[in-house]
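Only one structure is covered here, and it is reproduced in the block below.
Residue numbers (my numbering), protein chains in the order written: chain A, 1 to 319; chain B, 320 to 625.
Put into C-alpha cells, the structure is as follows:
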C-alpha cells in the first residue's frame with residue numbers, strides 16, 4: 001500500500017516540483033488575501049476610511065471648499081446649546097420608536113394572516129412586497145400628492161363622508177406633519193417586516209399548534225407560548241434592521257417636508273445634510289452624524305440583546 | 320364537529336385542498352363567517368392601504384389636467400378621459416430618458432462590481448478559511464449596519480479628493496459599500512450549502528482554486544447569484560442620499576434625485592408629470608420583481624436568517 005502511494009507520488013513530484021511558488025499557490029492565507037482584495041479595497045477606501053474621517057471632520061471647522069483646522073469639541077459644544085439640534089434628536093427618537101413599534105405590530109399581524117391557508121397566497125405575498133420594491137423617493141412623491149393641502153384625496157373622502165368640515169393640512173401643521181411622515185414610513189416598512197417574519201413562521205411546525213389545541217390552548221395562548229418564543233431570534237434581527245434604517249432615514253423626510261414646518265420633522269440625518277451640504281458647514285454636519293453613532297449602537301444593543309436573551313435562557317448556544 | 324364537517328363539505332375547494340394538500344392543518348376548525356371577519360377583512364384593508372398609493376400614482380399620471388384639480392365635477396377616484404400627455408411630456412420635453420439611462424448605468428455597474436467582489440470574498444471566507452476568516456465575516460456583517468446617512472459627509476470630501484465629483488463613477492464606486500456586505504453575507508450562506516466533497520474531488524483531479532470557483536461553485540450557486548443581483552440592483556435604484564450629494568449637473572442625475580429636484584417647481588400643473596415620472600421610474604423594478612419574486616424573497620429572508 002505504501003509502495004503504491006509512493007509510486008504514485010513519485011512522477012507527480014517530478015512533474016511539478018514543490019517549488020516555493022507551488023506551495024504559495026496552495027497556501028490558504030495567501031490565496032485568501034488575494035480573494036479578499038477587491039471587497040476589502042472597497043470597504044476600506046469608501047467605508048472604514050470615511051467613517052474615521054467623519055469623526056475627524058467633526059473636530060474641525062471644515063467648510064465646503066476650505067479645509068479646516070482642529071478645533072477640539074467646539075462643534076459639539078455649539079450643538080449642545082442648539083435647540084434645533086435637540087428638536088431633531090427628539091423627532092428622530094419619536095419617529096423611530098413610534099414607527100418601529102407599529103411596523104412590528106402590523107407586520108407581525110400581516111405575517112400571521114398571510115400564514116393562514118389562503119387562495120392565491122403567492123400572488124398576495126408578491127403584492128404585499130411592492131411598497132418595498134418601489135424606490136422610496138418615488139412612493140414618497142405619491143404620498144406628497146396624497147398629503148397635498150388642497151387636493152388631498154384623503155381630505156376629499158373624509159369631507160364627502162361628512163367627517164371633517166375643512167381640508168386637513170397634512171404637512172403644514174407641526175404634529176400633523178410628524179404623524180404624516182411616520183405613517184408613510186410605516187407604510188414603506190411593514191412589507192419588509194411582514195415577509196421576513198412570514199419566512200420565520202413557515203418554519204414553525206404545525207404539529208405544535210395541533211398538540212396545543214388538543215391540550216385546550218386558546219388562540220392567544222398558542223401565539224404567546226408557541227409562535228412568539230420560536231420567532232424571537234428572527235424578530236431580533238428584523239427589528240434591529242428596522243430600527244436602524246428608521247433612525248437613519250433621510251429620503252422620506254427630504255421629499256415630503258425637507259424638515260419643515262419650522263424644523264418639526266427634521267431628523268438628525270436631514271439636519272446634518274442641511275448644515276453640511278446646503279449651508280456648507282461640513283464640520284458641524286459631521287458632528288451631527290457622529291452624534292448618531294451612540295444612538296445607533298444603543299439601538300442595536302437593545303434590540304439585539306433584549307430580544308436574543310430568550311434564546312440562551314432556553315439553553316441554546318448563541319450562534 | 321358536524322357543523323365543521325358540513326361547512327367543509329359545502330366548500331368543494333376545501334375538500335380538494337384537504338385531499339391534495341395535508342398542510343391545511345387546523346383551518347377546518349374555523350367556519351367561513353369567522354374567517355371572513357378575522358382573516359379576509361383585515362387582510363383586504365391592509366392590502367388596500369398598501370396598494371392605494373400606486374393606484375393613485377397611476378391614475379394621476381393619466382388624468383387630464385382639468386380633472387386633476389377639479390374634484391367636484393368628476394369623482395376623483397377614476398377618470399373619464401385618460402391621456403398619455405404627461406408621459407409624452409416626460410419623454411420628449413425633459414431629460415427623463417437620460418436620467419433613466421444614468422440610473423440603469425450606475426445600478427448595473429455598481430451591482431456587477433459588488434457581485435464580483437462578494438463572490439471572491441464569500442468563497443474565501445467560507446471555503447478557504449484563511450486565518451481570521453470568522454472575524455472578517457463578522458466585520459462584514461458590521462459593515463452592513465453602517466448607514467449611508469452617517470457616511471455621506473466624509474464621503475463627499477473623499478469623492479472630491481479623488482476627482483470623482485459629479486461623475487457617475489462616484490456612485491458606481493461608493494454604492495458597493497452598501498451592496499458588498501449584504502451580498503457577501505447572502506452568498507456565504509449559499510456557498511455553505513454546496514457539498515464540500517465536490518470541491519475535494521476537483522482538488523484531487525488537479526483543479527486550481529480558481530477553476531473550482533468558476534466551474535463548480537458558481538454554477539451551483541446561480542440561484543444565490545440571481546438573488547444577490549436583483550437585490551443589489553433594487554438597492555442601487557432606491558439609493559438617494561449619495562446621488563443627491565455627489566451629483567450636481569442636471570444631465571448626470573439619477574431618476575429619484577432628478578424627479579425631486581427638477582420637477583418640483585411649485586407649478587400646480589406639474590402633478591401629472593410628477594406622477595408619470597414616479598411611475599415610469601418604478602416600473603422597471605416592478606417588472607424585474609414580477610419575474611423573480613422567489614429570488615427576491617429568498618434574498619431578503621436569507622440575509623436576515625444568516
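Even for Gly, the Cβ is constructed at its ideal location relative to N, Cα and C.
Query, Result
"Under 9 Å between C-beta atoms, does residue 557 of chain B make it to chain A?", "yes"
"List, in chain order, every chain A residue whose beta-carbon is nearer than 7 Å to that of residue 499 of chain B.", "39, 42 and 43"
"Find out if the Cβ-Cβ distance for the pair residue 535 of chain B, residue 526 of chain B is shorter than 9 Å.", "yes"
"Residue 435 of chain B CB to nearest chain A CB: under 9 Å?", "yes"
"Using a Cβ cut-off of 8 Å, pull out every chain B residue sitting near residue 134 of chain A, in sequence order please.", "373, 601, 604 and 605"
"Does the distance from the CB of residue 418 of chain B to the CB of residue 573 of chain B come in under 9 Å?", "yes"
"At least one CB of chain B closer than 9 Å to the CB of residue 143 of chain A: is that the case?", "yes"
"What are the uninterrupted segments assigned as alpha helix (DSSP H) that are 4 or more residues long and contained completely in the region 563-621 of chain B, given in chain order?", "574-581 and 590-610"
"Report yes if the C-beta distance between residue 68 of chain A and residue 62 of chain A is below 9 Å; otherwise report no.", "yes"
"Less than 9 Å separating the beta-carbons of residue 265 of chain A and residue 178 of chain A?", "yes"
"Return the chain-ordered list of same chain residues with a C-beta closer than 7 Å to the C-beta of residue 398 of chain B, the five sequence neighbours on each side being excluded.", "378, 381, 382 and 386"
"For residue 60 of chain A, name the three-state secondary structure that DSSP assigns.", "strand"
"For my contact list, residue 282 of chain A and residue 57 of chain A are in at a C-beta cut-off of 8 Å; report their separation, rounded to the angstrom.", "6 Å"
"Give me the Cα-Cα distance between residue 608 of chain B and residue 133 of chain A, rounded to the nearest whole angstrom.", "8 Å"
"Show which residues of chain A have a CB atom less than 7 Å away from the CB atom of residue 464 of chain B.", "244 and 300"
"Identify whether residue 302 of chain A lies in helix, strand or coil by the three-state DSSP scheme.", "helix"
"For residue 70 of chain A, which beta-bridge partners are listed by DSSP?", "A:60"
"On a CA-only basis, which of A:235, A:163 and A:182 is nearest residue 196 of chain A? Give me that one, please.", "A:235"
"Starting from the Cα of residue 474 of chain B, find the closest Cα among A:300, A:285, A:20 and A:294 and give me that residue.", "A:285"
"Which residues, in order along the region 277-289 of chain A, keep a beta-carbon less than 7 Å from a beta-carbon of chain B?", "277, 282, 285, 286 and 289"
"What does a CB cutoff of less than 6 Å around residue 577 of chain B pick up in its chain, not counting 5 residues either side in sequence?", "418"
"Taking the alpha helix (DSSP H) that residue 473 of chain B belongs to, which residues open and close that run?", "471-480"
"Indicate whether residue 373 of chain B and residue 142 of chain A have their beta-carbon atoms separated by less than 9 Å.", "yes"
"Could you give the first and the last residue of the continuous alpha helix (DSSP H) run that contains residue 438 of chain B?", "415-442"
"Counting only the same chain and skipping the five closest in sequence on each side, list residues whose C-beta sits under 8 Å from that of residue 298 of chain B.", "Any property of residue 298 of chain B remains undetermined from this structure, which presents chain B solely from 320 to 625."
"How long is the line joining the alpha carbons of residue 95 of chain A and residue 246 of chain A, rounded to whole angstroms?", "8 Å"
"Which runs of the alpha helix (DSSP H), 4 residues or longer, sit entirely within the region 489-526 of chain B?", "495-511 and 515-523"
"Take residue 329 of chain A as the anchor and find which of A:220, A:243 and A:259 has the nearest alpha-carbon.", "Nothing can be reported for residue 329 of chain A: it is not among the residues displayed for chain A, which extend from 1 to 319."
"Quick check on the burial criterion: 16 or more other C-beta atoms within 10 angstroms. Buried or exposed for residue 157 of chain A?", "exposed"
"Exposed or buried, what is residue 20 of chain A when buried is set at 16 or more other beta-carbons lying within 10 Å of its beta-carbon?", "exposed"
"Tell me the rounded alpha-carbon separation between residue 71 of chain A and residue 402 of chain B.", "59 Å"
"Would you mind stating whether residue 188 of chain A and residue 136 of chain A have Cβ atoms separated by less than 9 Å?", "yes"
"With three or more beta-carbon pairs closer than 8 Å as the criterion, would you say the region 421-428 of chain B touches the region 482-491 of chain B?", "yes"
"In chain A, which residues lie less than 7 Å from residue 450 of chain B when you measure between Cβ atoms?", "29"
"Does the distance from the CB of residue 92 of chain A to the CB of residue 269 of chain A come in under 9 Å?", "yes"
"Provide the residue span of the alpha helix (DSSP H) that contains residue 144 of chain A, from first to last.", "136-146"
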